[in-house]
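In this note's numbering, the protein residues as written are -7 to 175. Glycine included, each C-beta is placed from N, C-alpha and C at the ideal position. Please read these numbers as outputs of a predicted model, since none were measured by experiment.
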């Protein structure tokens, strides 16, 4: 099974972050899929028999990005749809279900979220998008081996915990195991 499908079924937040990375990689290689496959994908595959499958997958994502004007920024439709579902779930947990655990997590991360929203110049973005952007930023800092201060780590951790809870509730909802008890 392709890694994106595994992530999508196991942890929706990881799936989104993985897809952000895929989109960024395609942009980094300037939509040159043969070059991307030769210099990036081939090194990571344990078995060359998957090469054609990955080439088709990256090509289809690159094609959609180009067709929808996402060459510089933005996300493919599938990713945007999942983010929209997470936003609806977030809003439902807060205003319909009034989930006390989730409300507490939102309150705990509020100051960090607002600060990150301002620094990232994402004032018009939904909190769920901010959470995802913050986790993506943390991954990029780790890849670059950039030192993260204790204060910043605490902020990331607070946002990560909120996003993890939201992801868990998403998978419960999708599997039919989600029980709603509105207050």
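- Here the alpha carbon of residue 138 sits roughly 15 Å from the alpha carbon of residue 126.
- Rounded to the nearest whole angstrom, the CA to CA distance from residue 49 to residue 124 is 23 Å.
- Residue state for residue 24 is assigned as coil, using DSSP reduced to three classes.
- About 7 Å separates the CB atoms of residue 29 and residue 43; that is less than 8 Å, so the two are in contact.
- Below 8 Å, too few C-beta pairs join the region 108 to 115 and the region 71 to 87 to call them touching: fewer than three.
- Counting other Cβ atoms within 10 Å of its Cβ, residue 36 stays below 16 and is therefore classed as exposed.
- Our two residues, residue 31 and residue 21, have alpha carbons roughly 9 Å apart in a direct line.
- Ranked by how close their Cα comes to the Cα of residue 83, the residues 3, 108, 162 have 162 in first place.
- Three or more beta-carbon pairs separated by less than 8 Å link the region 82 to 98 to the region 148 to 159, which places the two stretches in contact.
- The C-beta of residue 135 has fewer than 16 other C-beta atoms within 10 Å across all chains shown, which makes the residue exposed.
- Judged by DSSP in its simplified three-state form, residue 16 adopts helix.
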